[in-house]
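Chemist: Numbering (my numbering), first residue to last: 22 to 496.
Note that the Cβ used here is the ideal one computed from N, Cα and C, for glycine as well.
Note that this is a predicted model, so its numbers are computed, not measured.
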Ligand code: GLU
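1. Is residue 114 near residue 212, with beta carbons less than 8 angstroms apart?
2. Which runs of the beta strand (DSSP E), 3 residues or longer, sit entirely within the segment 234-316?
3. Please state if the CB of residue 273 and the CB of residue 290 are separated by a distance shorter than 8 angstroms.
4. Taking residue 37 as the reference, which of 360, 174, 237, 56 has the closest Cα?
5. At a cut of 8 angstroms, does the segment 51-67 reach the segment 258-268 through at least three beta carbon pairs?
6. Among the residues of its own chain, which have a CB less than 7 angstroms from the CB of residue 367, if the five just before and after it don't count?
7. Among residues of its own chain, excluding the 5 on either side of residue 183, which ones have a beta-carbon nearer than 8 angstroms to its beta-carbon?
8. Is the distance from the Cβ of residue 225 to the Cβ of residue 251 below 8 angstroms?
9. Within the continuous beta strand (DSSP E) that includes residue 36, where are the two ends?
10. Thinking C-alpha only, which one of 396, 413, 447, 208 is nearest residue 464?
11. Whose C-beta lies closer than 7 angstroms to the C-beta of residue 393 among residues of the same chain, with five residues either side of it excluded?
12. Buried or exposed: which applies to residue 203, given that a residue is buried once 16 or more other Cβ atoms fall within 10 Å of its Cβ?
13. Would you report the Cα separation of residue 106 and residue 75, rounded to the nearest angstrom?
14. CA-CA distance, residue 39 and residue 297?
15. What residues in its chain sit with their C-beta under 8 angstroms from that of residue 411, if we drop five residues either side in the sequence?
16. Residue 85 and residue 44 - do their beta-carbons sit closer together than 8 angstroms?
17. If you draw a straight line from the C-alpha of residue 139 to the C-alpha of residue 154, how long is it?
18. Would you kindly report the start and end of the unbroken beta strand (DSSP E) that includes residue 69?
19. When the distance is taken between beta carbons, is residue 53 closer than 8 angstroms to residue 102?
20. Is DSSP giving residue 229 helix, strand or coil here?
21. Looking at C-alpha atoms only, which residue of 321, 195, 288, 399 is the closest neighbour of residue 301?
22. Grab me the residues of residue 492's own chain with a C-beta within less than 7 angstroms of its C-beta, minus the 5 sequence neighbours each way, in chain order.
23. Can you determine whether any heavy atom of the ligand GLU sits closer than 7 angstroms to the C-beta of residue 17, and answer yes or no?
24. Is it the case that the Cβ atoms of residue 446 and residue 454 are separated by a distance below 8 angstroms?
25. Can you check which of these residues, 69, 246, 117, 109, is closest to residue 99 by C-alpha distance?
26. What I want to know is whether the C-beta of residue 181 ends up closer than 7 angstroms to one or more non-hydrogen atoms of the ligand GLU.
27. Which one or two residues does DSSP pair with residue 125 in a beta bridge?
28. Would residue 209 and residue 172 be called neighbours here (beta carbons separated by less than 8 angstroms)?
29. Alpha carbon to alpha carbon, how far is residue 120 from residue 150?
30. Compute the Euclidean distance between the alpha carbons of residue 165 and residue 157, then round it to the nearest angstrom.
31. Assuming residue 389 and residue 47 form a contact by the criterion Cβ under 8 angstroms, report the distance between their Cβ atoms to the nearest whole angstrom.
32. At the level of alpha carbons, what is the spacing between residue 469 and residue 187?
33. Per DSSP, residue 400 is paired with what?
34. Tell me which residues share the same chain as residue 338 and place their Cβ nearer than 7 angstroms to its Cβ, disregarding the 5 neighbours each side in the sequence.
35. Taking 7 angstroms as the cut-off, is the CB of residue 225 close to at least one heavy atom of the ligand GLU?
36. DSSP on residue 144, reduced to helix/strand/coil?
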């Protein structure tokens, strides 16, 4: 006997943001989880822009979502879908539900609904609206605009089997006959989401747990159409380090703000993956590892806390782990995004030479840029008081003497160090007394990479030119 293997349909996840002008960090995490799960299972991730709010859904706002996802390296399968463009399909489904008897037309006015609620409250009954049109004789239907309501069950319970939240039960008497189509024929959000998810073949809905109650209402819509309900995974929202709702100060920003702070996309992916999902005690991992490990069973039930210190720490680890050419490419993309001048060929090769030293110390691209400023800016340097003082601490003649010693030597950090040490000793000065003005002459700063490394990276010609310029300016 041969057993037929069970047919497992491919996983289809989706990310369904409403365009608000930027990709919020919480949305980015939802997108990441949907992406990781699709990539882990060999399924697909779809992107649907929930652009039914016409005032907010500008092309720029949609582009900001694409841009954020692209920066994070989260690619979606196929074309992004516009929810707004599907309004006729949503209306069609609402009418199909009327034909099936699972939805009905309702002509109650706003005033009637309010009056119903008032009376219910006064009589101590729940103020859920019960439309008189639910069971009205169709012959009595007026020729006037109507809304379409779901004929929701009034007895029993609606159960959502959520992968993260477990079994969540609602008494049907607490759920009303929600509106599916408004009187102008436009679909409500609740209907649009269900129709779209169904038509897109979505098997797994991963989203914030602020949508959990919607899942109960959406389940009723699936049932009303006789459609399969997808697997739901409602992830707890991200909180601030103090446990309160995430505020701007605590990281509730768009992903572009993190890009501008100089975090690498791979560090962001790693950090966001750890906000609500775990793989043993692993904190640092690559995206390939995350894809191979990601599952829905290890999504956390408690809200994750956003912690800048942890992000920065992970970011430093990713910088150290990255290869130099990749970091250079990220740095160039960063400079372009910041509208800063592109690197020259010389700067590019100098940065590559400096990279092993830079990446040991930097935790963000901004810090790399700061430490590489001796490469990026050319003299005359804008010096602060400490730098000016350090440069003036030796007479220009001393610097000139040293410079002439340096003209015909092997240009390697260790040789340069020996020469400068010997020179300082011969002058009866401590090494620091010479090294510090030398550092300022080369970089314009009192804090930098090791002065001899800096000389090696700049090369003979540039180093000597910088020293000559200082001597000239000082004499
Ligand atoms: N558009 C909704 C939001 O941005 C998400 C809807 C969903 O994932 O079902 O919060």
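Modeler: So, from the data block:
1. Taking 8 angstroms as the Cβ cut-off, residue 114 and residue 212 qualify as a contacting pair.
2. Taken in chain order, the complete beta strand (DSSP E) segments of 3 or more residues contained in the segment 234-316 are 252-256.
3. For residue 290 and residue 273, no; Cβs fall outside 8 angstroms.
4. Sorting 360, 174, 237, 56 by C-alpha distance to the C-alpha of residue 37 places 56 at the top.
5. Counting Cβ pairs under 8 angstroms, fewer than three are found: no touch.
6. Cβ neighbours of residue 367 beyond the five flanking positions: none.
7. Short of 8 angstroms from the beta carbon of residue 183, and not among the five residues preceding or following it, lie these beta carbons of its own chain, in chain order: 189, 233, 236, 253, 254, 255.
8. Yes, the Cβ-Cβ distance between residue 225 and residue 251 is below 8 angstroms.
9. For residue 36, the uninterrupted beta strand (DSSP E) run begins and ends at 33-36, by DSSP.
10. Closest by alpha carbon: 396.
11. Same-chain partners within the cutoff: 372, 375, 379.
12. The residue in question, residue 203, is exposed, as its Cβ has fewer than 16 Cβ neighbours within 10 Å.
13. Rounded to whole angstroms, residue 106 to residue 75 spans 11 angstroms at the Cα level.
14. If you take the alpha carbons of residue 39 and residue 297, they lie about 22 angstroms apart.
15. Around residue 411: 457, 458, 460, 461, 467.
16. It is a contact, given that the beta carbons lie within the stated cut-off.
17. About 19 angstroms.
18. Unbroken beta strand (DSSP E) run through residue 69: 65-70.
19. Annotated as distal: residue 102 and residue 53, with beta-carbon spacing of 8 angstroms or more.
20. Residue 229 falls in the strand class under three-state DSSP.
21. Comparing Cα positions, the closest option is 321.
22. These residues qualify, in order along the chain: 417, 420, 421, 424.
23. A query on residue 17 cannot be resolved here, the shown segment of the chain reaching from 22 to 496 and no further.
24. In this structure, residue 454 does not lie closer than 8 angstroms to residue 446 by Cβ.
25. For residue 99, the closest C-alpha among the options 69, 246, 117, 109 is that of 69.
26. The answer is no for residue 181.
27. Answer is 170.
28. Not closer than 8 angstroms, so no.
29. Computed Cα separation, rounded: 23 angstroms.
30. Taking the straight line joining both Cα atoms gives about 15 angstroms.
31. About 28 angstroms; that fails the 8 angstroms criterion.
32. Cα to Cα, the separation comes out at about 54 angstroms.
33. Looking at the DSSP output, residue 400 shares a beta bridge with no other residue.
34. Answer for residue 338: 305, listed in chain order.
35. No; taking the cut-off as 7 angstroms, the Cβ of residue 225 has no heavy atom of the ligand GLU nearer than that.
36. Under the three-state reduction of DSSP output, residue 144 falls in the coil class, being neither helix nor strand.
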